[in-house]
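Here the structure comes first, spelled out in structure tokens, and everything after it is commentary.
Number of protein chains: 2
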Amino acid sequence: MISKSCKYAIRACVFVASKVNDDVKVSMKEIANEIEAPVAFTGKILQMLNKRRIITSLKGPYGGFYCEKYQLETPILEIVNAIDGLAVFKECVMGLHQCSDQHPCPMHFEYSKTKEALMKSFSETTIGSLADKLIDGNSYLTNN
Amino acid sequence: MISKSCKYAIRACVFVASKVNDDVKVSMKEIANEIEAPVAFTGKILQMLNKRRIITSLKGPYGGFYCEKYQLETPILEIVNAIDGLAVFKECVMGLHQCSDQHPCPMHFEYSKTKEALMKSFSETTIGSLADKLIDGNSYLTNN
DNA sequence: CTTAAAAAGGATAAAATTGTCTTCTTATGT
DNA sequence: ACATAAGAAGACAATTTTATCCTTTTTAAG
Numbered sequence: 002m003i004s005k006s007c008k009y010a011i012r013a014c015v016f017v018a019s020k021v022n023d024d025v026k027v028s029m030k031e032i033a034n035e036i037e038a039p040v041a042f043t044g045k046i047l048q049m050l051n052k053r054r055i056i057t058s059l060k061g062p063y064g065g066f067y068c069e070k071y072q073l074e075t076p077i078l079e080i081v082n083a084i085d086g087l088a089v090f091k092e093c094v095m096g097l098h099q100c101s102d103q104h105p106c107p108m109h110f111e112y113s114k115t116k117e118a119l120m121k122s123f124s125e126t127t128i129g130s131l132a133d134k135l136i137d138g139n140s141y142l143t144n145n
Numbered sequence: 002m003i004s005k006s007c008k009y010a011i012r013a014c015v016f017v018a019s020k021v022n023d024d025v026k027v028s029m030k031e032i033a034n035e036i037e038a039p040v041a042f043t044g045k046i047l048q049m050l051n052k053r054r055i056i057t058s059l060k061g062p063y064g065g066f067y068c069e070k071y072q073l074e075t076p077i078l079e080i081v082n083a084i085d086g087l088a089v090f091k092e093c094v095m096g097l098h099q100c101s102d103q104h105p106c107p108m109h110f111e112y113s114k115t116k117e118a119l120m121k122s123f124s125e126t127t128i129g130s131l132a133d134k135l136i137d138g139n140s141y142l143t144n145n
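Just so you know, the protein sequences line up as chains A and B, in that order. Under the working numbering, read the first sequence as residues 2 to 145, first letter to last. Under the working numbering, read the second sequence as residues 2 to 145, first letter to last.
Put into structure tokens, the structure is as follows:
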């Protein structure tokens with residue numbers, strides 16, 4: 002559905018966002034450790050997220066990654082877009098390029114509904130809202 | 002969402018099924034040509050579909066692939082299961098192994114609904130029903 | 001100004017997915 | 001039985017995705 006990289010990205014964002022009230026920056030290592038992803042690879046992902054202004058980074062000692070207030074409003078969809086692109090929400094189940102409302106593949110209309118629903122849910126869910134649920138302790142990030 | 006291989010597989014099945022009334026067998030090459038996939042790779046996929054009894058094959062001259070009547074009732078879900086497995090319908094958006102109703106990730110409940118809907122639609126759609134739509138001429142298989 | 005801590009960036013490697021080629025096996029018609 | 005036409009199977013190759021390592025740049029503190 003979505004790539005491993007993208008899952009790392011979502012976890013990373015949520016973790017970083019969960020620290021917003023503590024007013025601290027978190028390092029690549031801390032993030033990688035928390036989300037259980039390889040450090041260097043996590044670095045690459047964070048780099049992209051920073052370029053897209055989904056999170057913010059600061060170099061140097063006491064540097065690291067953090068969320069600015071406005072960034073809490075970023076929908077998850079933007080993370081997916083930054084890492085995987087939006088193809089998932091658009092592509093034909095059967096892989097036909099010209100599949101559309103006008104030239105539908107046999108599954109087109111049924112499948113479109115699901116893609117719409119998915120996209121809607123991803124665009125309505127913000128990083129901040131997910132981080133809040135994290136903080137409430139109803140869920141956790143690590144994998145073991 | 003689903004792999005390229007799996008898309009080839011769905012296209013192949015629908016094409017083979019669309020020939021069921023003509024009582025003909027179609028060759029690897031014909032199928033590959035129709036679905037616009039590499040011949041040898043199509044072979045591998047057809048092989049798996051045959052092993053899973055999603056389609057039927059016969060070797061030798063005048064051989065090829067075809068659908069038996071009962072196979073028209075096969076849900077698309079089985080194709081996905083044969084090629085990609087059912088992970089897509091089960092996995093956590095954030096990639097957490099222990100994510101469940103009891104230990105939900107922040108997106109769990111929302112995302113589960115979509116996965117359910119997707120799986121339902123895939124299990125209610127049969128190869129035969131898709132082939133019928135093809136034959137009706139409302140849609141086509143090739144990509145150009 | 002120097003040192004050190006952190007991210008950024010580039011080159012490379014490993015793993016997974018997709019694709020190719022060659023040989024083996026099975027079925028058909030003569 | 002034989003020749004031939006097909007799929008089955010296995011080994012190999014290319015591409016894409018995931019992951020690692022090393023060097024450079026930026027920033028803060030002393």
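Backbone N, C-alpha and C define an ideal beta-carbon position, used for all residues, glycine too.
When the Cα atoms are used, A/C14 and A/M95 turn out to be separated by approximately 32 Å.
Within the segment 13-38 of chain B, no run of beta strand (DSSP E) at least 3 residues long lies entirely inside it. Between B/S28 and B/G65, the C-beta spacing is below 8 Å. Rounded to whole angstroms, the separation of the alpha carbons of B/Q99 and B/T126 is 30 Å. In the three-state reduction of the DSSP assignment, B/S101 falls in the coil class, being assigned neither a helical nor a strand state. Judged by pairs of C-beta atoms under 8 Å, the segment 71-79 of chain A touches the segment 119-133 of chain A, as three or more such pairs exist. In terms of beta-carbon proximity, B/G96 lines the interface with chain A, with at least one pair separated by less than 8 Å. Here A/K8 is buried. Its C-beta has 16 or more other C-beta atoms within 10 Å. Counting only the Cα atoms, B/I11 lies some 11 Å from A/M108.
When rounded, the separation of the alpha-carbon atoms in B/C68 and B/K45 is 17 Å. With 16 or more other Cβ atoms inside 10 Å of its own Cβ, A/E35 counts as buried. Across the structure, A/F42 and A/F16 are spaced so that their CA atoms are roughly 16 Å apart. Nearest to A/N51 by C-alpha distance, out of A/I84, A/N22, A/S130 and A/F110, is A/I84. In the DSSP assignment, B/G129 falls within the alpha helix (DSSP H) that extends over I128 to I136. Here the alpha carbons of B/F90 and A/L119 stand approximately 13 Å from one another.
Looking at A/I3, A/S4, A/L97 and A/A18, the one whose alpha-carbon comes closest to that of A/S130 is A/A18. For A/K26 against A/L59, the beta-carbon gap comes to about 6 Å, under 8 Å, which counts as contact. In the DSSP annotation of this structure, A/Y112 is not part of any beta strand (DSSP E); the continuous alpha helix (DSSP H) holding it starts and ends at H109 to E125. DSSP links A/S58 through a beta bridge to A/F66.
Looking at A/H104, A/V81, A/L97 and A/S4, the one whose alpha-carbon comes closest to that of A/I128 is A/V81.
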